[in-house]
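Using this note's numbering, count along the sequence shown one by one with no gaps and you end on 160. Notes for the one structure printed next.
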Amino acid sequence: MTNDILDLATRVGQALEAKGLLMATAESCTGGGISYFITEIPGSGDWFDCGFVTYSNAAKTEMLDVPAAVIAQFGAVSEEVAAAMAEGAVGNSNAHVAVSTTGIAGPTGAVPGKPVGTVCFGWSKDGVTHTERIVFPGDRHEVRLRTVAHALSGMLRFLE
């Protein structure tokens, strides 16, 4: 799966370069994994601005301007918070586009309606934000890798 993710990161970089855009990430459950794979690509500094690892709710609020009321109402693992994270990453960086992840990688943390493997994504550009919620199978490592891969493939679709 690692080679597939590196291929996705390369393709995201090519798409961003072709459009003259900078990207940022806002990561919770992936803990910087998206940024890691992006920066494995030589020349990524031409199209990657920065990554925010906002694991706690306080970090989401302080670093990405996610309203505490949104977290309280919908929970940190929600499409609403994922949207606010992606928008906050664009708003608090030089990036034009951002992807966000927030989820429950496991093995603990499940709550009613949000089993282990639940991940919410956000992609934001030019005031337009798309979100998605997926429940991935597998252990913590697999959920996190699947999340990184999906975030990057979603970015490719979002940039089309």
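For each residue, glycine too, the CB sits at the ideal point set by N, CA and C.
| Asked | Found |
| --- | --- |
| Counterpart residues of V119 in DSSP-defined beta bridges | G103 and I134 |
| Cβ-Cβ distance between A84 and F121 below 8 Å | no |
| Which residues DSSP lists as bridging K125, in chain order | V97 and V128 |
| Validate contact between the region 117-134 and the region 45-55 using beta carbons, cut 8 Å, 3 pairs | no |
| Counted within 10 angstroms of its Cβ, other Cβ atoms place R146 as buried (16 or more) or exposed | buried |
| Under 8 Å between C-beta atoms of G102 and S56 | The sequence shown places Thr at residue 102, rather than the Gly named in the question. Against a cut-off of 8 Å, the Cβ pair of S56 and T102 comes out as no contact. |
| Cβ neighbour criterion (16 or more within 10 Å) applied to K19 | exposed |
| Segment contact flag, the region 143-158 with the region 30-49, C-beta cutoff 8 Å, min 3 pairs | yes |
| Selected residue, minimal CA-CA separation from T25, among S78, G109, Q73 and K60 | K60 |
| Euclidean distance between Cα positions of G43 and A105 | 30 Å |
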